[in-house]
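Asks: Protein chains in written order, with this note's numbering: chain W, 4 to 442; chain H, 4 to 442; chain L, -10 to 469; chain V, -10 to 469.
Virtual Cβ for every residue (Gly too), placed ideally from N, Cα, C.
Before anything else, here's the structure in question.
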Amino acid sequence: MHRYIPHTPEEINEMLKEIGINSLEDLYVGVPRTIDDYNLENGKDEFTVKKELINLSKENKLFELENIFAGAGTYYHFIPTVVETLANNQRFVTAYTPYQAEVSQGTLQSLFEYQTMMCELTGMEVANSSMYDGATALAEAMLMAVRINNKTKILAASSINPEYLFTSRTYCTPQNIEIQEIKWDENGEVDINDLKNKIDSNTSAVVVGYPNFFGIIEDLKKIKEAIPENIIFIVVSEPISLSILEAPGKLGADIVVGEGQALGITPNFGGPGIGFFTTLEKYVRKMPGRIIGETKDVDGKKGYVMILQTREQHIRRARATSNICSNHALMALTNAIYMSVMGPSGLKKVAKMSYNAAHYLAKKLEEKGYKLTFKGPFFNEFVFNAGENYYERWKKLSENGILGPLPLEKSLPNFKNKALACCTEVNTKESIDNLLRHF
Amino acid sequence: MHRYIPHTPEEINEMLKEIGINSLEDLYVGVPRTIDDYNLENGKDEFTVKKELINLSKENKLFELENIFAGAGTYYHFIPTVVETLANNQRFVTAYTPYQAEVSQGTLQSLFEYQTMMCELTGMEVANSSMYDGATALAEAMLMAVRINNKTKILAASSINPEYLFTSRTYCTPQNIEIQEIKWDENGEVDINDLKNKIDSNTSAVVVGYPNFFGIIEDLKKIKEAIPENIIFIVVSEPISLSILEAPGKLGADIVVGEGQALGITPNFGGPGIGFFTTLEKYVRKMPGRIIGETKDVDGKKGYVMILQTREQHIRRARATSNICSNHALMALTNAIYMSVMGPSGLKKVAKMSYNAAHYLAKKLEEKGYKLTFKGPFFNEFVFNAGENYYERWKKLSENGILGPLPLEKSLPNFKNKALACCTEVNTKESIDNLLRHF
Amino acid sequence: MTIFEISKSNRIGYELPENNINDFDLNLPEHLIRKEDPKLPQVSEVDVVRHYTNLAAKNYAVDVGFYPLGSCTMKYNPKINEKIANLEGFSMIHPFQPHETTQGALKLMFELKEMLCEITGMDDMTLIPSAGAHGELTGMLIARAYHLSRGDTKRTKAIVPDSAHGTNPASAAMAGFEVVEIKSGPDGRVDLEELKNALDENVAVLMLTNPNTLGLFEKDILKISEMVHEKGALLYYDGANLNALLGITRPGDMGFDIVHLNLHKTFSTPHGMGGPGSGPVGVKKHLAKFLPIPEIVKENEEYKLNYNKPDSIGFIRSNYGNFSVMVRAYTYLKTMGKDGLKKVGQMAVLNANYLRKKVEKIMEIAYPDFCMHEFVSTCEKFTKETGVKALDIAKRLLDYGVHAPTMYFPLIVHEDFMIEPTETESKDTLDKFAEILSKIFEEAKENPDFVKNAPYNTPVRRLDDVSASRKPVFRFNFGK
Amino acid sequence: MTIFEISKSNRIGYELPENNINDFDLNLPEHLIRKEDPKLPQVSEVDVVRHYTNLAAKNYAVDVGFYPLGSCTMKYNPKINEKIANLEGFSMIHPFQPHETTQGALKLMFELKEMLCEITGMDDMTLIPSAGAHGELTGMLIARAYHLSRGDTKRTKAIVPDSAHGTNPASAAMAGFEVVEIKSGPDGRVDLEELKNALDENVAVLMLTNPNTLGLFEKDILKISEMVHEKGALLYYDGANLNALLGITRPGDMGFDIVHLNLHKTFSTPHGMGGPGSGPVGVKKHLAKFLPIPEIVKENEEYKLNYNKPDSIGFIRSNYGNFSVMVRAYTYLKTMGKDGLKKVGQMAVLNANYLRKKVEKIMEIAYPDFCMHEFVSTCEKFTKETGVKALDIAKRLLDYGVHAPTMYFPLIVHEDFMIEPTETESKDTLDKFAEILSKIFEEAKENPDFVKNAPYNTPVRRLDDVSASRKPVFRFNFGK
Ligand SMILES: Cc1ncc(COP(=O)(O)O)c(C=O)c1O
Ligand SMILES: Cc1ncc(COP(=O)(O)O)c(C=O)c1O
């Protein structure tokens, strides 16, 4: 029959006989046959497909890691081989949602450990076992805030990732939740006055980036102080930075979400990454997504199960905390393996090296007369004025093997010729100096 | 300390204390310290090493599979991805010799199944679980024949792989075993008269290739008929061909050995491949190498163990049937997985496609006026006169992305400008036609 | 043992290259500088390897054995797909590279979209949604946008059958609809009377899956389509069950306006312990302009992303979806082709009906009719007699080395198993499963308590999930 | 279940591309055409995947846990090495490509050889031997060739201590030598008197491993070297135990003339269920010309293979050895460097001595002295008292999820364990092992039969290997 379909002609006959029919056609009782054949090619053997796909993959240009200065939510970090080897274990990859906990302890324990690690990084009390990505995690955080507070206005800093903001609007609009943006100041930080002015009795939540889309490290303390106690404080963060930045949980955050791709996941042309989602215990029943908890078996042995499922769609249906079902569990595993390999010191070193490299690049650019757009402290990304025709120059750069700082004008029309530069530990001094030669 | 070495400074101190010494130096009682430091570089992080090694790998030229016409013992066949995925399972890769059978059933059963498959292919009764390669398998077969027959002369066809013959000489000489070569005739087959003339009362064994080094399919029946009953008939074979050629076991072979690389193993610049070794039950106690057998556990459950170990070096020591200890078990696993995926029909199809492709090339070459060196029937390799300066032309070909038929003059001085062409199922009609354009 | 208990202070599992860049001070207010390290594990490389290798060994998986989880289509996940998805040319590209440098990826997505349009009979498609539920939300937002675009603001309701998957009502609600549940008829299908009663001018959309979650084909689908469209509503197709229809019919041909697919079901991408998946959404022409941003277009042999879609529902996530899942599905489609897909559908349905025949000797079939790719059986009576529940049988199945079917879903059947064998399982496997099931029912008759206390041979025995939710432990407790 | 029992006639697991080439008849005498297909499995791809995935799960491995197999150096096998070895630029090249097209591979081999020369203190080296024993044979053939080249035909004997690994006498015999065994002294080391008596003009070579198989350093090695060389014989080093000496001393510095290494021990290449390994052989300058064919040379920045070695022992196998194993070892050496190798040696010896201290509270240490990278303990007395043998204890260890040490080797100690922890194991792991061992001895005291019947928790229980060899079943029986 086919290498993926085991049936032999004899077996098909035996099976038809057992069912009591004569032909395969008889199976489709009441089903209108509307097609004879798809307008598609016939199937191909593995070697032909492999060759075609390898060739297709070569139609994408690969840059040497050190020559990549693009971030904006998708980051290049060194990924130890062991992460890949372990996360590719087919007993993880080909398992499903751990509905039968007793034969899914591998999944469950690794997700429980992942949750713990995310709590540690963010300083929060509970983490779920994943969302699709940072954008949907934020959108769901907003919905959650409204579930908690029952007020329909959300204030979100304009300086968070534009795609996250757009996505949030898509999610919030049908719920009649209004998202109002808060301006940034010359530091690229939340304009505290604007924030204060916009807070009203109908405000459910305030959302800020940490670091924000421009790489700026918001002063969460100052912001927290500016917002009334009952308003949910949502922080969108970047996990690598949290190994050197104070945990948002210690600065008053109620919900911390973000994109976890940086933690050992390849860029994958933008997906899959993973949305992480953490909050405080008191809010857990309003939280979206799956949560794994510790328990015991009948012999008193420790084990793990999915918990608080009554929040979820398969039980609560239309009144669930979210519609999410399949999530990004395998990416959570990958995150956990990466964090296990790197440990606190490795993660910190990655953060510090990224910080240093970005600051080195910024300093040199400034020395060359380029202006940084914002004055605030930044982590490993910053915006600068890249000069005339940057978009075209950027494309040229790519022909020279450099994926340069991303031009922002396509997503932020006011940012003509402005670029978002990103460095991580993969960028060497030499590669930065080489980039600078093009400026 | 190091990512591969878990010791923390505190642990080292605790351990020294337990041992009752003060410093690591104290461990080396009576050991002369002759070096302070190797004259080597310091160790490097994974990403640097990876980069260096990837670059080094790129200093080797890869040819598109279909443009490879080189064989001579190392073959390119399509290897289904599943073979690689499964054989890379780290529970196979990082296991050792199955000394503790109860926790090595994965190894043992797969090797038992491998043995069964090799018996099926060769038509023999027993297979061991691997030798290093085809050459050492043959050398050991000769030693085994002498153990059986106690006579010190072996007749080996000149037409077997020269490296196998050389290796056999290296193994036989210290045992005072003489290897006499048998000529080939115009068919490239064993010269039966020469064989008959050279057989004497001191002859232990006769060795022929099937197919031989020139790709010629020897008539085993005719040869068997020419040799006295008590002489051990050793056949060096190629496993893919055996799916369409009559099994040597049915044609009177006493020992069948060969190289198993073609069965799903990448060429690896020549190693590791695997030597297979099969024989008849009556000779098993004279056989070299590990053998896995079926047995039962105390509950009557089927299981597998190493058997007949009293032949082996760790028990019999100087009187063992061989010194072999580590073998090529992982390659045997790879062979078994490959044969499982391909099955009898797949293997046959591979053989037939290889046969067809080689015959197509030969026909076309002949049409162009090139002469095949031998008239005998061949499988997927053949020798032809490739014309003036072939060695230089062959190097040029490689610059054009073709790994052409191998010039034989370096290994067989009488074969100036003669080449050994090889085709398998990877060669397309187009690639062959393209090759022909250079002739 | 958790990885945290293996951890030892100052042990390391990494090494990073030096980059020769001077240290820059953290130019931050003191209160923004982290004081206490996160308690991540401190382990060596071999610790990590062993920890996750041993955890993996505690997992059941498709690569281990039969996984008849109804509604989930746990078919074999081909290894070549994994290899292709891991090619650096696919895995190491940045979403914001110049599009001239990602033509391979864009072409793959464009062609995948075209192939899926052909398979579903839809006119346009987005590949962005990250999973089935995400696709549902996207589709329902499109329905909402459609009605609003016509100035029709009164359509606030979405009809969902009681047999629907939980994501359907949940997604409808997230898209701002009031969910109206309609009861299934006695034959397990949409009750046309019920539907008629529910269908008014406030209804925006009817969500269906066909075959439905009972594995039954909605024979009246053309009639239903007519009724829905007559009332000005749209018909939504939950494509989780598309495997059944491959090669026979297409949602588009049945009158559906919007369809989502689960690449991680029908198109063989692995489930990854629960994700990532991919949930493309296809629509008929009149809805194409509402599809989310960005869309992949082909202009003069060049592939591009178009962000200029004024009528679009907008962004539904970052970037372009789960690209590497798409690579796997694309590879699968190239492998199967039209001839292979037809076999997939046929053998999936054959397997389900064969197994149904086998299981009906052991358990009651909820709706004893020809099924499509799956069927639902129940032991409700047996449970009343013996106290042994479907859950207990499921746990006992684990002891025999097979995964249990989906339990307690759809909600309209009780003490039920939803059994989906998929086309990649052999008759032998199905026979074996039926044999085990039959054996377990024998066991349950003879010794109910024995089965109630199953499983026995699993890495842990039956876990207490009630108190796990009552006194939840969300994370490892490091003590103080 | 074997793969043969899963097999079903006409099921397939492959598909091959068509190559458009016409069929050529098999132009052969009828009796050379195969009549009956080999009974290879006929299975689908998922069958193969499950079969081997489930088999793998029945294997203990370094990636699963502690593997203190003495003499085998079961250290952690880094995953980066696997990745590098599988790069197509290494795995897909043909040994007979023009050497201009394999400069990367040849350079790697050349540099590996140079690094290994530096580590062993030897002048030249071949990488061709496929394993330790193959290296031994090579080395002993070199010794033979050396003496013969001097016209010294009387040197027919090789001396081997009774503690030597079985491959040593076996290899010596294969190289044509008569093996003379000498007894170890009371301190477990070479007895100089014994040696002196054995050393005559007929002795070609003395084979030693240092540290020896008891894990003890041969303190008199310089003296031994002097004695051997004085008699015109050569000194051979079995490098299986080199891990102990890394960073401290080198066989070349101790007077050895020939040394073989096990890349699959000291240099971290995986053991692969028993192989492939790689057994490079290094020699002092005066023996270089005897090294096997071909040799890798560097001429004007170009790497080449030289086949023109008239004094060589000749070919010892096909091609150039197990190249992909060399790639792994090379990667390891680049990773560790001189600083890392020093740590390897130190921590290996530290671990062994620490564990020795722990084990001596439970079992008798055969030679209670500082050990190097391993040590031998015995329960001979305990066996006499309780009937519980080392074998039983070993089997019981398996129940606790650790691999047993090497048993019953070296032959001069009885009821013994040869324990080698390697440097990649942590103190915690060693403590745990000692704790388990202690517990088992308690169990054995209280209930000897319980331990004699171990293991209990393994995929199969104790296997009958006696009747397996008495009535051997060599292959699956298909019946008729
Ligand atoms: C019928 C049906 N609809 C929708 C879904 C939701 O898909 P996903 O889990 O990918 O969000 C599922 C998945 O379980 C399903 O079975
Ligand atoms: C001391 C010693 N010498 C030689 C060998 C033989 O090595 P190999 O198994 O690689 O042939 C071994 C391996 O077990 C050994 O431990």
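Let me check understanding here. Comparing Cα to Cα, which of R293/W, E143/W, D136/W and Y358/W lies closest to I243/W?
Replies: Y358/W
Asks: Assuming the contact rule is C-beta atoms closer than 8 Å, F304/V and P281/V should be a hit. Round their C-beta distance to whole Å, please.
Replies: 6 Å
Asks: Determine, using beta carbons only, whether F377/H and N190/H come nearer to each other than 8 Å.
Replies: yes
Asks: Do three or more CB pairs link the stretch 105 to 112 of chain W to the stretch 381 to 399 of chain L at distances below 8 Å?
Replies: yes
Asks: Nearest to T198/L by alpha carbon, out of M243/L, M216/L and N191/L?
Replies: M243/L
Asks: Under 7 Å: does the beta carbon of H331/W sit that close to some heavy atom of ligand 1?
Replies: No; taking the cut-off as 7 Å, the Cβ of H331/W has no heavy atom of ligand 1 nearer than that.
Asks: Residues of the stretch 47 to 63 of chain H with a CB closer than 8 Å to any CB of chain L: list them in chain order, please.
Replies: K47, D48, E49, F50 and T51
Asks: Is the Cβ of Y84/H closer than 8 Å to any Cβ of chain W?
Replies: Residue 84/H is actually Thr in this sequence, not Tyr. At least one chain W Cβ lies under 8 Å of T84/H.
Asks: Under the criterion of a Cβ to heavy atom distance below 7 Å, does T202/L qualify as lining ligand 1?
Replies: yes
Asks: Just verifying my parser: in three-state terms, what is the DSSP assignment at L280/V?
Replies: coil
Asks: So which residues of chain W does N487/V contact, with C-beta pairs closer than 8 Å?
Replies: The structure shown has nothing for residue 487/V, since chain V only spans -10 to 469.
Asks: Among the candidates A120/V, M216/V and K327/V, whose CA atom is the shortest distance from the CA of L234/V?
Replies: The candidate whose alpha carbon is nearest that of L234/V is K327/V.
Asks: Among A355/V, S456/V, I429/V and N230/V, which has the Cα closest to the Cα of F406/V?
Replies: For F406/V, the nearest C-alpha among the options comes from A355/V.
Asks: Any beta-carbon of chain L closer than 8 Å to the one on Y135/H?
Replies: no
Asks: Tell me whether T109/V, by its Cβ, gets closer than 7 Å to a heavy atom of ligand 1.
Replies: no
Asks: Whole angstroms is fine: what's the gap from Y397/V's alpha carbon to T413/V's?
Replies: Cα to Cα, the separation comes out at about 25 Å.
Asks: In chain order, which continuous runs of the alpha helix (DSSP H) of length 4 or greater are located wholly inside the stretch 92 to 128 of chain L?
Replies: 92 to 109
Asks: Quick one: using the 10 Å Cβ neighbour count with 16 as the cut-off for buried, is E(-6)/L buried or exposed?
Replies: That one is exposed.
Asks: In three-state terms, what does DSSP make of M63/L?
Replies: coil
Asks: Cβ of A361/W within 7 Å of any heavy atom in ligand 1?
Replies: no
Asks: Residues in the same chain with beta-carbon distance under 7 Å from P410/L, minus the five sequence neighbours each way, listed in chain order, please.
Replies: P57, N340, A341, L344 and L419
Asks: Along chain W, in chain order, which residues have C-beta atoms closer than 7 Å to that of F81/H?
Replies: F50
Asks: Ignore the nearest five residues each way along the sequence and tell me which others in P231/W's own chain have a CB closer than 6 Å to its CB.
Replies: none
Asks: Hey, would you say the C-beta of G266/L is under 7 Å away from at least one heavy atom of ligand 1?
Replies: yes
Asks: Going by DSSP in three states, L130/V sits in which element: helix, strand or coil?
Replies: helix
Asks: Taking I69/V as the query, report the chain W residues whose CB atoms sit under 7 Å from its CB, ordered along the chain.
Replies: Near I69/V (Cβ distances below 7 Å), the residues of chain W are T84.
Asks: Near L198/H, what residues of its chain come up, given a Cβ to Cβ distance below 6 Å and the 5 sequence neighbours on each side ignored?
Replies: Sequence-distant partners of L198/H (beyond 5 residues in either direction) whose C-beta falls short of 6 Å from its own C-beta, in its chain, are I185 and A229.
Asks: Nearer than 7 Å: is that true of the beta carbon of N251/L relative to any heavy atom of ligand 3?
Replies: Annotation note on ligand 3: not contained in the displayed structure, which lists ligand 1 and ligand 2 as its ligands.
Asks: Give the residues from the stretch 2 to 23 of chain V that approach chain W closer than 9 Å (Cβ to any Cβ), ordered along the chain.
Replies: G2, Y3, E4, L5, P6 and E7
Asks: Could you pull the start and end residues of the beta strand (DSSP E) that H249/L belongs to?
Replies: Unbroken beta strand (DSSP E) run through H249/L: I247 to H249.
Asks: Which whole-angstrom value is the C-beta distance of T77/H and H123/V, which I expect to be below 8 Å?
Replies: With 8 Å as the limit, T77/H and H123/V do not qualify as a contact, their Cβ atoms being about 19 Å apart.
Asks: Determine the burial state of E215/V: buried for a count of at least 16 other Cβ atoms within 10 Å of its Cβ, exposed for fewer.
Replies: Burial call: exposed.
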